[in-house]
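So the structure is just underneath, and the comments pick up after that.
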Amino acid sequence: MFALMDAAKERARAAGLAVVDLSIGSSDLPPPDVVLEVLRGATRDPGTYRYPLFSDTAPLREAAAAYLARRFGVTVDAQTEVLPLIGAQEGLAHLLLAVTDPGDTLLLPDPCYPPYLGAAAVAGLNVVTLPLRAERGFLPDLDSVPPGVRPRALLLNYPNNPTSAVADAAFFRKAAAWCRARGTLLIHDHPYAELTFGEYRAPSALEAGLDGVIELHSLSKTHHMGGFRVGFAAGDAGAVAALAGVKGAVDFHPYLGIQRAAAYALLLPDAVGRAGAAVFETRRDALVPALRTLGWEVETPQASMYAWARVPGLRDSVAFAVRAAERTGVAVSPGAAFGAGGEGFVRFALVQPPEVLRAAARTLGSVPVS
Numbered sequence: 010m011f012a013l014m015d016a017a018k019e020r021a022r023a024a025g026l027a028v029v030d031l032s033i034g035s036s037d038l039p040p041p042d043v044v045l046e047v048l049r050g051a052t053r054d055p056g057t058y059r060y061p062l063f064s065d066t067a068p069l070r071e072a073a074a075a076y077l078a079r080r081f082g083v084t085v086d087a088q089t090e091v092l093p094l095i096g097a098q099e100g101l102a103h104l105l106l107a108v109t110d111p112g113d114t115l116l117l118p119d120p121c122y123p124p125y126l127g128a129a130a131v132a133g134l135n136v137v138t139l140p141l142r143a144e145r146g147f148l149p150d151l152d153s154v155p156p157g158v159r160p161r162a163l164l165l166n167y168p169n170n171p172t173s174a175v176a177d178a179a180f181f182r183k184a185a186a187w188c189r190a191r192g193t194l195l196i197h198d199h200p201y202a203e204l205t206f207g208e209y210r211a212p213s214a215l216e217a218g219l220d221g222v223i224e225l226h227s228l229s230k231t232h233h234m235g236g237f238r239v240g241f242a243a244g245d246a247g248a249v250a251a252l253a254g255v256k257g258a259v260d261f262h263p264y265l266g267i268q269r270a271a272a273y274a275l276l277l278p279d280a281v282g283r284a285g286a287a288v289f290e291t292r293r294d295a296l297v298p299a300l301r302t303l304g305w306e307v308e309t310p311q312a313s314m315y316a317w318a319r320v321p322g323l324r325d326s327v328a329f330a331v332r333a334a335e336r337t338g339v340a341v342s343p344g345a346a347f348g349a350g351g352e353g354f355v356r357f358a359l360v361q362p363p364e365v366l367r368a369a370a371r372t373l374g375s376v377p378v379s
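Quick note on the working numbering: the sequence shown kicks off at 10 and runs consecutively.
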C-alpha cells in the first residue's frame, strides 16, 4: 500500500506538482537542542564507540523508570522491568517472537498500524481482529471475543494510530483484568504518550499493574527523535526477560551516544514535551475545521499526530488517495491501508504548518470520491 502511494507521489512530481506529503506520521519538528548537544558531546567520547552491553544501558533504564514514576505514578525495577529498544517497532516484532509460538492467537484492532500485521506474520501468529467503531469511540469490545478464542496476546495502542482515539485508565484496568483472567499478555504500544492536547493526559496501561502487562515507549514522537531509533519496553518482568533473550540473539543496544541523549530527554521537564504537543494542537485546529467545510466527518483529536476523516460516499480509499496525489500533489493515507475497518476513511498526518494544511484541505475538495 505504501509503495503504491510512493509511486503516486513520484508521478505527481514528474508532472510538475509540488507534493504535500501528509501520509507519513514522522514528526517534522527537531529534537530539543539540549538533547542534540548531549549527542554531539557523546560523539567526541571514544568510550561510546564500542558495542554497548546490557550493563551500559543502566542510565537509560533508570531514566525510563524515573519517567514512568513521574508521569504515570508507576514504579518499575530498572534492572528487571525495563529494556531499551531500537525503536518501538523493533521492540514489538521481537516481543511477539519472544512471548508467542507459531500458531498462537493475537488479538489485534482493526484498523491498526500496518506493521502490527507484519510483526504478527513474522511470528507466525493467527490474527483475530477486534473492530474499532466510531460509535464506541474506536475502543474494542473485549466482551465480543468468542469464548473459544484463547489469545496469547492482546495488542492495544492509545492514543491510537490511525484513529486518534484515546482510552482512559478505567479502560486499561478492564483490559488488564480481562487478559489476566485468560492468561493473555496485554501489550500496549504507547508512542504518543506526550502528544496530547488541552487538559488531556494519556494514561499508561501499566497503571493497571505490571503483572501480565508490557508497554512500549518511543522517543520518535515525544521528543521528535524518529531517526535515532530509540525507545524502551517496561512492565511484566517475565515478558521483559523473554524480549531481552530474543534481542540478545539478534542485536546489540542503541549506540551509547543515542542512549545518553535519550536518557537526558526522558529526564527533561514535562514542559519540553508539551511545547511540541502545542505545535501539533495548532495544526489540528487548522485542519479539522477545513475538512469539515468539505462535509467530511472528523472528530477533534485529543491526542496523537493524526486526523481520521470519514469521507461521505467514499468506497475505495486507495483509489481516492492515489487520485488525490496524482492530480493535486496532496498525499494522504487511505484508510484501507490500516485494515478493512478503515475503508471509507483517510488519515492525515499533522506534519505541515497550519496554512499548508488548510490549503491541502481546500485542494482535496476538488478530487472526486469515485
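The beta carbon of each residue, even a glycine, is placed where N, CA and C say it ideally should be.
Val307 vs Ala316 beta-carbon contact at 9 Å
It is a contact, given that the beta carbons lie within the stated cut-off.
Would you tell me roughly how many angstroms separate the C-alpha atoms of Pro298 and Thr205, rounded to the nearest one?
The straight-line gap from Cα to Cα measures roughly 19 Å.
Member of Ser32, Glu364, Val44 whose CA lies at the smallest distance from the CA of Ala12:
That would be Ser32, whose Cα lies nearest to the Cα of Ala12.
Going by DSSP in three states, Gly56 sits in which element: helix, strand or coil?
In the structure shown, Gly56 sits in a helix (DSSP, three-state: H, G or I).
Name the one or two DSSP bridge partners that Tyr315 has.
BP columns for Tyr315 point to Ala358.
According to the Cβ coordinates, are Pro343 and Ala330 closer than 9 Å?
Yes; because the gap between Cβ atoms is below 9 Å, this pair is in contact.
So, are the CB atoms of Asp198 and Ala97 less than 9 Å apart?
Closer than 9 Å, so yes.
How is the alpha helix (DSSP H) around Ala17 delimited, first residue to last?
From DSSP, the alpha helix (DSSP H) with Ala17 extends over 11-23.
How would you label Asp220, buried or exposed, when you count the other beta carbons within 10 angstroms and need 16 or more for buried?
Per the 10 Å Cβ criterion, exposed.
Among Tyr58, Leu92, Val28, whose alpha-carbon lies nearest the alpha-carbon of Leu252?
Closest option to Leu252, Cα to Cα, is Leu92.
Short of 8 Å in beta carbon distance, which residues of its chain neighbour Arg293, apart from the five on each side in sequence? Order them along the chain.
Only Phe206, Thr309, Pro310, Ala316, Leu359 meet the Cβ criterion.
By the 10 Å Cβ neighbour count, where 16 or more other Cβ atoms means buried, how is Ala202 classified, buried or exposed?
Buried is the label assigned to Ala202, since at least 16 other Cβ atoms lie within 10 Å of its Cβ.
What residue does the alpha helix (DSSP H) around Ile223 start on, and which one ends it?
No alpha helix (DSSP H) contains Ile223, which is instead part of the beta strand (DSSP E) from 222-227.
Kindly indicate the opening and closing residues of the alpha helix (DSSP H) around Gly285.
Per DSSP, Gly285 is one residue of the alpha helix (DSSP H) stretching across 279-302.
Paired residues, beta bridge with Ala242 - DSSP
According to DSSP, Ala242 bridges with Leu92, Leu225.
Below 9 Å between beta carbons: does that hold for Ala17 and Ala248?
Cβ atoms of Ala17 and Ala248: not closer than 9 Å.
Would you give the residue range spanned by the beta strand (DSSP E) that Pro140 belongs to?
Start and end: 135-140.
Is the region 130-146 close to the region 278-289, with three or more CB pairs under 8 Å?
The region 130-146 is not in contact with the region 278-289.
Can you look up Glu308 in the DSSP assignment and give me helix, strand or coil?
DSSP places Glu308 in coil when its eight states are reduced to three.
Could you check the C-alpha separation between Phe347 and Gly353 for me, to the nearest Å?
A straight-line Cα-Cα distance of about 11 Å links Phe347 and Gly353.
Using 10 angstroms around the beta-carbon of Gln88, count the other beta-carbons present and answer buried if the total reaches 16, otherwise exposed.
Gln88 counts as exposed, since fewer than 16 other beta carbons sit within 10 angstroms of its beta carbon.
Can you find the residues in the same chain that come closer than 8 Å, C-beta to C-beta, to Pro212, ignoring five residues on each side of it along the sequence?
The residues are Phe81, Ala176, Asp177, Ala178, Phe181.
Whole-angstrom distance between Pro168 and Pro111, CA atom to CA atom:
Each residue's alpha carbon lies about 29 Å from the other.
Roughly how many angstroms separate the alpha carbons of Leu194 and Arg283, rounded to a whole number?
Cα-Cα distance, rounded: 31 Å.
With C-beta atoms as the reference, is His232 less than 9 Å away from Gly285?
With respect to the 9 Å criterion, His232 and Gly285 are classified as neighbours on the basis of their beta carbons.
Just reading off the beta strand (DSSP E) that His197 is part of, what are its end residues?
Taken as a continuous stretch (DSSP letters only), the beta strand (DSSP E) holding His197 covers 194-198.
How many angstroms separate the CA atom of Arg371 from the CA atom of Ala334?
Between Arg371 and Ala334, the C-alpha separation is close to 14 Å.
If you follow the beta strand (DSSP E) that Thr114 is part of, which residue opens it and which one closes it?
Counting along the chain, the beta strand (DSSP E) containing Thr114 begins and ends at 114-119.
Tell me which residue opens and which closes the alpha helix (DSSP H) that Ala74 is part of.
Per DSSP, Ala74 belongs to the alpha helix (DSSP H) from 67-81.
Between which residues of its own chain and Thr66 is the CB-CB distance below 6 Å, once the five residues before and five after are set aside?
Hits under 6 Å: Pro93, His262.
For Pro55, is the classification buried or exposed, using 16 other Cβ atoms within 10 angstroms of its Cβ as the cut-off for buried?
The residue is exposed, with fewer than 16 neighbouring Cβ atoms inside 10 Å.
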